[in-house]
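As given, the protein sequences belong to chains S and B, one line each in that order. Under my numbering, the first residue of the first sequence is numbered 719, with each subsequent residue one higher. Under my numbering, the first residue of the second sequence is numbered 3, with each subsequent residue one higher. Backbone N, C-alpha and C fix where the C-beta goes; we use that ideal spot for every residue, glycine too. As the structure is a computational prediction, the values presented were derived from the model and not from experiment.
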Amino acid sequence: MTQTDTISKFDGGLTLVAYKHLSTGSAISSMEQCKQYIIPLQQHIGIISQPLVKKGERVLKGQMLAKPGNMISAAVHSPVSGIVSDIKQHEVPHISGLPDLCIFIENDFKDEWIERHPLADDYNQATSSGLRNIIRDAGIVGLGGAAFPSAVKQTEINIKTLILNAVECEPYISCDDVLMREHAQEVLTGADIIGHVIKARQCIIAIEDNKPEAIKAIQSAIDNDGTGFFNIQVVPTIYPSGGEKQLIQIITGEEVPRGRYPAEIGVLCHNVATAYAIYRAVYLDEPLISRITTVTGHGVKQPQNIEVLVGTPVSACIEHCGGYTESSDELIMGGPMMGFSLNSDTLPVVKASNCLLVTAKEENRHKQKHLPCIRCGKCVEVCPVRLLPQQLYWYASSKNVDRLIEHNLFDCIECGCCAYVCPSDIPLVQYYRYAKTTIWQQERERKASDIARQRHEKHQQRLEKIKLEREEKLRQKRELLKKKSNGNAADNKDGDKDNKQAAIAEAIARAQAKKVERNKGKDNENKEPG
Amino acid sequence: MLFKQTPSPHIKANISVQDMMFKVLYALIPGALAMMYFFGWGVLFNLIIAISVCLITEAIILRLRQHDVYHTLMDGSALLTACLLALALPSLAPWWLTVIASVFAIAVAKHLYGGLGFNPFNPAMVGYIVVMISFPLEMTLWSTPMGVNAGWPDFSTTFNWVFLGTLPVKETIDSISMATPIDLIKTQLSQLHDITETRNNVRYSALFSSISGTGWQWVNLLFLAGGIWLVKKGVADWRIPTAFLISLVLISNLFSVIDYANNSSAMFHAFSGGTMLCAFFIATDPVTASTTPRGRWIYGASIGALVYIIRNWGGYPDGIAFAVVLMNIAAPLIDYYTQPKVYGDPNR
């Protein structure tokens, strides 16, 4: 069950100092409620959700504030009861740093829930589509960091194996670890619900070998379950084994074909925290309004895991954890490898916020200026996708789009391994992101100009057609006039005679044709009765 | 509270270009000491001249290019070029030869192409080739190794020869220098004396030892030791030296099996001349080598084959520099055609 010798390996990867112990010393603590919550309408991959409430309206805890914008989108709910004080643009935690539409809720501290209809153990009798609707309406997205709407993933039905991703390979982050320690049973129930929806035959819970207590907790929950549906797979601690594709490679030995979904090789991956959220949505009928977040780093006084309501300002979380230390330096949402730094702590915690990392000044090794690439190839050794980062860097610097695409820029998962090992301190991921956005932009512009060009061409064609038609009409008119004048001129000659003769010949031919037809008809009538 | 923002990842491995360059320099020390022991003061003079000229040239050019002189000098790359060049040049090279090679290596081969990371050819080898082509006679001036006849000349003789071009009255350049084993065998073979005959000849027998040349075998063994340490430290790539040595050994073994009398053994080739220096310190120069995993095998093996060809049939004392520079030319092409198949590629 917990053997590690039967599993595969992905290429590259890093062994990093974990710093997990900073935040795993205490139990998950609940946060006191705040006065105001800021709920961004775009907390997921896909289309922004559409607000259902108006400014000044009173909302209850768990009430849907915005519905999914289309198929790939997610609902958002009110974390507390209170008044919608505003709906406006506000800075949101996103890598782009751009503001987005947010709903502001003024807490009335009554904590009044909407009416709930928990399914409890009845989920076994529910249909797949029924459960999927609950999951969709609860606004559940992948809580590992990607925030892809979970219900969308579960529309695939040809799945043999459900992989529960409890790898948590980024340093510092421990929210999944403590979740499993404290809520193993609920996590399994959540996984069972997912398994029920997608009709999976087995569920493999993948945990890195640096979380012995979580492994123990899950194992004992599995022993209690006794159905044989669940299995633990302990995986070695190598970054980024928690990447979906890398984990699938470790567990199944297969690579997800490029540009396809894992479902095509019979696998579906969900994060443990997502399974727990699904448990709460289905079993307790609680939409996704809170999550467990690791607040950690050497720049915060009391690192710990907290259960935090979505929309809570980051500053409140830090305050709950004793505040910043004097040497605090950067504020990062997510892990140190793939997280992004925030410019302010007034931003809210969102569904995808698995970690708030505050670094200390002495830890920062980033240099202002990087050295040239010496092509040492360390990046090649660590790339889990088998890219050639040094070539991509070269072509990204020279903006050589063709070569970038030839060298598979778009297969880059931005895990940061290359930049981590780069002896020249080149922010490689930054270069790739920039190159990707530039190419997308060019593509968009090309499409837009294509459309414009097509419209212009169509317009030209229409003009041409009108012109031709007009000319044709004129020509016909001219011809008619010419004929008329010709006819008039020929009146006195034999032309007129010819016309008359032709008309007579035609009339005779018509009469004969009619005759033949009539005779045929008679023949048929005679034949039919016989 | 407001914070500064930096791109991810927010942590960094404790590694730097400077660190890598200095590790390579440390790894050179055992082999360099062996060279000084066996070939005398000339090796030290070469190092002193090459290091000072390379650093001064680098500083001037950095100044002209308006770069940060101090920090760039401290990256160690010019120092490394100087050391590799100095160790490749013959121990009795006159001072101006080393100066010309050093200036050419740094000014032309490195900076005219854009400086560190942008040079297509190994600067030390380009410097070496320039003087090799221009001054072939001076490029054969290796001092008599320790253990052969009277050994290398003393300090003042060497100093006067290298810096002033003068020798004591009773000495000639031929009396203080000696051909390298590779060179000797080549000239003897051209005079129809086969290898066994050459090795047994009283005049030359002291030049040869159990593995290869007297002195040379220890120099190569210690460069090998330093190289293995470098590979273990993850500074040098292991594929290039492995491929290079396998290819050189296999080819030389093949020929010596076919015709023992006229072809030196594989061991002789592996531990003669600049073989180990090339394998671990020159061919592995990351900037000018192939960077893909498969490409490095091809690159290393091709250098091995070229070294053998040039040593055996070429007109030069050793084939390292030409082999490396020829493959430098091919490196971008090799890289282009040896891209690994990425994750999930259907053609894998």
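Along the segment 120-135 of chain B, going in chain order, the ones with a CB nearer than 8 Å to a CB of chain S are PHE120.
Under the 8 Å criterion on CB atoms, B:HIS12 is classed as interfacial with respect to chain S. Here the C-alpha atom of S:GLN967 lies approximately 28 Å from the C-alpha atom of S:ARG1093.
The beta carbon of S:ILE983 lies closer than 8 Å to those of ILE966, THR970, GLU972, VAL974, PRO975 in the same chain, with the five residues before and after it left out. Under the 8 Å criterion on CB atoms, S:TYR1138 is classed as interfacial with respect to chain B. Short of 6 Å from the beta carbon of B:PHE270, and not among the five residues preceding or following it, lie these beta carbons of its own chain, in chain order: SER214.
Put simply, the backbone Cα of B:GLY78 is about 39 Å away from that of B:ALA208. Here S:PHE728 is buried: its Cβ has 16 or more other Cβ atoms, across all protein chains shown, within 10 Å. Restricting attention to alpha helix (DSSP H) runs no shorter than 4 residues, the segment 202-286 of chain B encloses them at 218-234, 241-260, 268-272, ordered along the chain.
Under the 8 Å criterion on CB atoms, B:THR8 is classed as interfacial with respect to chain S.
Under a criterion of Cβ atoms nearer than 9 Å, no residue of chain S is adjacent to B:GLN219; the nearest Cβ is some 31 Å distant. Sequence-distant partners of S:ILE877 (beyond 5 residues in either direction) whose C-beta falls short of 8 Å from its own C-beta, in its chain, are ILE916, LYS917, ALA918, ALA981, GLY984, VAL985, LEU986. By the C-beta density criterion, B:PRO92 is buried, having at least 16 other C-beta atoms within 10 angstroms. At least one CB of chain B lies nearer than 8 Å to the CB of S:PRO975. With respect to the 8 Å criterion, S:LEU759 and S:ASP818 are classified as neighbours on the basis of their beta carbons.
In chain order, TYR345, GLY346 make up the part of chain B whose C-beta sits under 9 Å from the C-beta of S:LYS963. The closest CA to that of S:ALA792, considering only S:ILE933, S:SER767, S:GLN807, is found on S:SER767.
When secondary structure is reduced to three states using DSSP, B:MET38 falls in the helix class. Not flagged as an interface residue toward chain S: B:PHE165, since no C-beta distance is shorter than 8 Å. For the segment 268-290 of chain B, the residues whose beta carbon sits under 7 Å from a beta carbon of chain S are, in order, PRO288, VAL289.
A direct Cα-Cα distance of roughly 25 Å separates B:VAL132 from B:PHE273. Between S:PHE822 and S:GLN751, the gap from beta carbon to beta carbon reaches 8 Å or more.
At least one CB of chain S lies nearer than 8 Å to the CB of B:SER18. For S:GLY800, there is no enclosing alpha helix (DSSP H); the enclosing beta strand (DSSP E) covers residues 800-809.
Not a single C-beta of chain S is nearer than 8 Å to the C-beta of B:GLN68.
Residue-level contact check: B:THR244 does not touch chain S, since none of the beta carbons of chain S fall below 8 Å from its beta carbon. Inclusion of S:ILE1123 and S:VAL1103 in the CB contact set at 8 Å is not warranted, their separation being larger than that value. Taking a beta-carbon distance threshold of 8 Å, B:PRO295 counts as an interface residue toward chain S. The Cβ of B:PHE5 sits closer than 8 Å to at least one Cβ of chain S. Taken through DSSP and simplified to helix, strand or coil, S:ALA1078 comes out as strand. For the options S:CYS1136, S:VAL1119, S:LEU1060, the alpha carbon positioned closest to that of S:GLN1159 is the one of S:VAL1119. When B:LYS14, B:VAL251, B:ILE230 are compared, the shortest CA-CA separation from B:ALA307 is found for B:VAL251. Contact between B:ILE284 and B:MET127 holds: CB atoms are separated by about 6 Å, below the 8 Å threshold.
When the alpha-carbon of S:GLN951 is set against those of S:SER799, S:PRO769, S:LEU1127, S:ALA884, the nearest one is in S:ALA884.
Think of a sphere of 7 Å around the beta carbon of S:ASN1126: the chain B residues whose beta carbon falls inside it are VAL344, in chain order. In the displayed model, S:ALA864 falls within coil according to three-state DSSP, outside both helix and strand.
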